[in-house]
Amino acid sequence: MTTAQTQELDVQPTPLALLLLGREADPRSERGVECPGDLPSPSDPDLVARARAAKEKLGDKVFVLGHHYQRDEVIQFADVTGDSFKLARDAAARPEAEYIVFCGVHFMAESADILTSDDQKVVLPDLAAGCSMADMATAEQVAECWDVLTEAGVAEQVVPVSYMNSSADIKAFTGKHGGTICTSSNAERALNWAFEQGEKVLFLPDQHLGRNTAVRDLGMSLEDCVVYNPHRPNGGLSAEELRAAKMILWRGHCSVHGRFSLDSVDDVRERIPGVNVLVHPECKHEVVAAADQVGSTEYIIKALEAAPAGSKWAIGTELNLVRRLANRFAAEGKEVVFLDKTVCFCSTMNRIDLPHLVWTLESLADGTLVNRIEVDRETEAFAKLALERMLALP
């Protein structure tokens, strides 16, 4: 692709490809590229037995958390499963556990460290398990955005609302500037609270959740929303556009949910007459508008639990969860399919595999602490403030 073509597509040069290939490291990125120690071979037939033995040796000292998007081979060893915030709270409710092994991604482990006690140690089996959405908003970029809002004369009117899928630095920024965190389940309540505090919201880092909540749940128009692009001067927005907007959306998205399209919805309705389309609110606005139901991972699970036998469902979320739900509800006569024809795993979430989990548990059982995720005190204090505001939402 030529430079001219790249500029036309608004694609910015990034070292991300080199990071993913393990050829460079960025200490400011939430991604890691190193894994100390020797991993067991994926072909080792004793992996399951080794994981079970190490977990039994650790006993109550270890508490394993498994996000819904994890592989089945990992989920089988989770003490609890859930979305990111539920798991962080579950960890905080187990103070007797010295080690919290978080089978998820980096920002989730950070949240667990923020909410657990100082005596507990949060471990991420693979430091390269990051989140592309969280990486789309760095502390430096958000600080620059706030300067732009200040120069436009609107910063005092703006309340930041940050999605749970953000780094500890972004959560701390949110807490420091009077804002709150939200999940995909309580985004509407978070935005209602924010608009009671100010006239505008800076929504980080997922533009789609922010737009869908504002338009679908709060009754705003698409014209009330503008997108701040951190790769353009002044975010690509004029001072007049910032003054007119109610929702200032960060230009970020989920690499999984962003793949679903209106064509995906139209195609599945044609292939499966009578199908119910249920999608996550991180999907694009046109996909959400065309769906029958919209909700978080927990909402999706509960909707299928309550669905009548014989019903048909096309689910727009990560494939590991969809496949697990399809197997679970097949016996009840419920047909569950993936919304798109294209296989769509969360690539970074899938870095947590059985060899990494075995290596982690065996290391801990031998008294070696590995891959600890630790948030510094100042960042933790402001991030916790933002989380506490979320917990206090009406």
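Counting the sequence shown from 1 gives a position; this note's numbering is that position plus 81. Glycine residues also receive a C-beta, built at the ideal position from the N, C-alpha and C atoms.
If we count the other Cβ atoms within 10 Å of its Cβ and call it buried at 16 or more, is Thr441 buried or exposed?
buried
Is there contact here, the stretch 278 to 287 with the stretch 205 to 223, by at least three beta-carbon pairs under 8 Å?
yes
What would DSSP say about Tyr309, mapped onto helix, strand or coil?
strand
Who does Leu146 pair with in a DSSP beta bridge?
In the DSSP output, where bridge partners are listed per residue, Leu146 has Val161, Phe183.
Considering only C-alpha positions, which residue in the set Leu445, Val451, Leu472 is nearest to Gly140?
Leu445
Pair within 8 Å by beta-carbon distance, Val204 and Arg470:
no
Note the first and the last residue of the continuous alpha helix (DSSP H) segment covering Leu402.
From DSSP, the alpha helix (DSSP H) with Leu402 extends over 400 to 411.
Whole-angstrom distance between Ala275 and Ala268, CA atom to CA atom:
10 Å
Per-residue burial, Asp228 [other beta carbons within 10 Å of its own, 16 or more giving buried]:
With a 10 Å radius around the Cβ and a threshold of 16 neighbouring Cβ atoms, Asp228 comes out exposed.
N-terminal and C-terminal residue of the alpha helix (DSSP H) that Phe419 is part of:
Where Phe419 is concerned, there is no enclosing alpha helix (DSSP H), although the beta strand (DSSP E) it sits in stretches over 416 to 419.
Proximal residues to Ala215 (C-beta, below 8 Å), its chain only, five neighbours per side dropped
Glu111, Val186, His187, Phe188, Asn246, Ser247, Ser248, Ile251, Pro286
Sort out for me which residues DSSP pairs Val282 with in a bridge.
Val240, Met328
Contact set for Glu177: own chain, Cβ-Cβ below 6 Å, skip 5 residues either direction
Asp141
Taking Pro311 as the reference, give the member of Gln157, Ala271, Thr219 with the closest Cα.
Thr219
Kindly indicate if chain D contains any beta-carbon less than 8 Å away from that of Pro314.
Checking the listed chains, one finds no chain D in this structure; it contains a single protein chain.
What three-state label does DSSP hand Asn357 in the structure shown?
strand
Counting along the chain, where does the alpha helix (DSSP H) carrying Cys226 start and finish?
220 to 232
Alpha carbon to alpha carbon, how far is Asp199 from Arg297?
40 Å
Specify whether the stretch 353 to 361 and the stretch 231 to 247 touch according to this definition: at least 3 beta carbon pairs, one from each stretch, less than 8 Å apart.
no
Using only the alpha-carbon positions, how far apart do Lys465 and Gly256 sit?
7 Å
If we ignore side chains and look at the alpha-carbon of each, how far apart do Ala326 and His289 end up?
16 Å
Pull up the distance between the alpha-carbon of Thr378 and that of Asp171, whole angstroms please.
17 Å
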